[in-house]
Amino acid sequence: MNARGTQIPQLAEQYHVQLVDMLTASANPETADWFTNYLKGEITYPGLKTGMLRGILAEFHEVTQIDQLPDEVQLGQMRYWLAKPMAEDKLTAILWLQKWLKLKSSTSEAPTSVGLALEMLEDVFRVGDIHDWSTNDWLCVKVLEIIPEQHSGFIPRLMNWVNADSLWQRRSCLLAFKKCGKRGKYLDEIEVLIDRLLPSEERFVLTAVGWVLSDASRQYMDWAANLFEKYFDRFSHEVIVRHAKYLPNYDDIKRRSRERKE
């Protein structure tokens, strides 16, 4: 390994120590307990409200100037943080990735940058560095939702995630289209993904489908209602109660779901 290769992990650890110091300085034990209990111990929180993380990231960039370094260094640092066990490390890395992609979006580097981001995330899923619904939701809302809308050439790659071994990667392939569904875009692609996903009885696959249909049902009620009926037997009662509430026949579909439990 050359000198540059040996320096990158050392620098990553040095930068991470600085980040942890900033996070710890703002941490609140009561907030930590609340989040840890809310997530049922799936991931540990040092104790920062998520709204604070963007300000801490901005301060970190101002102090270190790491956001001015080559993309290789920035992506390497994001990947390093995503591998750490604490939730705030991962969430801050996702905010950084969001910012980095936004800066690239109006340049000729956009396609390459999106490809690099997806390559990194595929590795994150492959090794299990995203393993809870909260971090997964954050990634989808902050990063993945922009890709179908702004970089449609990557839609086939995202849709292929439906074949992944990782539950969270399969879940993400659909949630990446949630904002599009709310706007009536790519509804055919969403239906394909739902049809591929719903043989699964995994809770967080089912809730992802429900979330996408719930958001879409506010403007595209007939489309969402048809899918709730088509896949009614595959939905859990939890999904019906939480996600069909904007449908005009909500009371009826909830009653039918309750009756099948009895």
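Under numbering that gives the first Met the number 0, think of the first position of the sequence shown as 0, with each following residue one higher. Using N, Cα and C, we set each Cβ at its ideal position, and we do this for glycine too.
For T43, the beta-bridge partners assigned by DSSP are M85. Inter-residue distance for F227 and E201 is about 17 angstroms (C-alpha atoms, whole angstroms).
Within 10 angstroms of the beta-carbon of P69 lie fewer than 16 other beta-carbons, which makes it exposed. In the structure shown, T106 falls within a coil segment according to DSSP collapsed to helix, strand and coil. Scanning its chain for C-beta atoms nearer than 6 angstroms, with the 5 sequence neighbours on each side dropped, one finds around G183 the residues Y219, in chain order. In terms of Cα proximity to V62, the closest of I239, D20 and E87 is D20. At least 8 angstroms separates the beta-carbon of L94 from that of L120. CA-to-CA, the gap between E29 and G46 works out to about 7 angstroms. In the DSSP assignment, F231 falls outside any alpha helix (DSSP H) and carries neither an H nor an E. In this structure, the CA atom of M51 is about 42 angstroms from the CA atom of D251. Within the same chain, T35, P84, M85 and A86 come within 7 angstroms of T43 by CB-CB distance, once the 5 residues on both sides are set aside.
Close CB contacts of W160 within its chain, under the 7 angstroms cut and outside five residues either way in sequence, are with Q168, R169, S171 and C172 (chain order). Uninterrupted alpha helix (DSSP H) stretches at least 4 residues long and entirely within the stretch 181 to 214 occur at 186 to 196, given in chain order. Taking the CA atoms as reference points, N135 sits about 25 angstroms from F231. N248: not part of any alpha helix (DSSP H); DSSP gives it neither H nor E. A buried status is given to V113, since no fewer than 16 other beta-carbon atoms sit within 10 Å of its beta-carbon. The C-alpha of L74 lies about 10 angstroms from the C-alpha of W80.
The three-state secondary structure of A11, taken from DSSP, is helix. Distances from the alpha-carbon of R195 to those of W99, R233, K178 and L10 put R233 closest. M158: member of the alpha helix (DSSP H) spanning I154 to N159, first to last residue.
The C-beta of K229 has fewer than 16 other C-beta atoms within 10 Å across all chains shown, which makes the residue exposed. A residue is called buried when at least 16 other Cβ atoms come within 10 angstroms of its Cβ; A224 meets this threshold and is buried. The criterion of a C-beta distance shorter than 8 angstroms is not satisfied by V208 and K177. In the structure shown, Q218 adopts coil according to DSSP, grouped into three states. Secondary structure note for V140: it is in no alpha helix (DSSP H), with a DSSP letter that is neither H nor E. Using a 10 angstroms sphere on the CB of V123, the tally of other CB atoms reaches 16 or more, which defines it as buried.
Excluding residues up to 5 positions away in sequence, Y14, F59, V72, Q73 and Q76 lie with their Cβ nearer than 8 angstroms to the Cβ of I65 in the same chain.
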